[in-house]
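Single-structure report; data block below.
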Ligand SMILES: Cc1cc2nc3c(=O)[nH]c(=O)nc-3n(C[C@H](O)[C@H](O)[C@H](O)COP(=O)(O)OP(=O)(O)OC[C@H]3O[C@@H](n4cnc5c(N)ncnc54)[C@H](O)[C@@H]3O)c2cc1C
Ligand code: SF4
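Residue numbers (the UniProt record's numbering): 1 to 213.
What follows is the structure in structure tokens.
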């Protein structure tokens, strides 16, 4: 699940964990961690982009995790965004201070789970029926929507014909989030919602909080 948040849910300050500002008229955004290697894109990169058609070969070829980016015009950013191209995952070292304000501490917990303030273990006393475990993720997302902490939530519903086939959606109501409860045990092209985010939430800046599994 990914939530578009007005402010960071996990910090008391309004500082986001990760920010995504829709850019409707700019050229290419800078590439944090890209060490300046990214080539500047033309103003009309959206119009010129060619998403990968069904059955096509993705830029990362057999390493591709079908994250969804290349199914949209954001494929224009693939060289800076894809974890399997160029400097790839090694850019995490540079990105963590940009995103979290510091890199990982040299502790087992942070090396394993990434930058965090506190690890909490919890379960709901009244489980959400049909959720994966007790439905904490679904409940957090619903409460964030209800309290206007977020404008929308990217979550993963099922294909109506196949319960295990993931269908990423931009949920705007609690009912849409609840309809996405339960894990679809497969890779899911969640980033194909980025263009939807831009179209639907373009009137304001928004932030994305990533729920990481
Ligand atoms: C592919 C996958 C593998 C996982 N493997 C582990 C693991 O090895 N160890 C572990 O501790 N936990 C793992 N998890 C997380 C765990 O299964 C539960 O999602 C988590 O514990 C939350 O439980 P919950 O009852 O709050 O879930 P729920 O309230 O049911 O919420 C689950 C959320 O996951 C979203 N979702 C469903 N399928 C996907 C998908 N394919 N990709 C992205 N989001 C999705 C749903 O939209 C929903 O928002 C995995 C999750 C996924 C999606
Ligand atoms: S950005 Fe995503 S879809 Fe594109 S090649 Fe990399 S993993 Fe595949």
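For each residue, glycine too, the CB sits at the ideal point set by N, CA and C.
Note on geometry: alpha-carbon atoms of residue 142 and residue 130 lie some 15 Å from one another.
Under the three-pair Cβ rule at 8 Å, the region 162-180 does not count as touching the region 38-58. Scanning the region 115-172 for uninterrupted alpha helix (DSSP H) segments of 4 residues or longer gives 136-146, listed from N- to C-terminal end. For residue 199, the Cβ stays outside the 7 Å cut-off from all heavy atoms of ligand 2. If you look at residue 48, you'll find it in the alpha helix (DSSP H) that goes 45-48. Residue selection by CB proximity (closer than 6 Å to any heavy atom of ligand 2) returns 58, 59, 60, 64, 65, 66, 67, 69, 70, 78, 81, 82 and 84 in chain order. The region 59-72 makes contact with the region 186-195, as at least three CB pairs between them are under 8 Å. Going by DSSP, residue 106 is part of no alpha helix (DSSP H) at all; its letter is neither H nor E. For residue 174, the uninterrupted alpha helix (DSSP H) segment begins and ends at 174-178. When DSSP states are grouped into helix, strand and coil, residue 75 belongs to the helix group. Look at residue 68 here: in three-state DSSP terms it is coil, with no helix or strand label. Of 137, 153 and 86, the smallest CA-CA separation from residue 124 is found for 137. By the CB criterion at 8 Å, residue 170 and residue 148 fall outside the cutoff.
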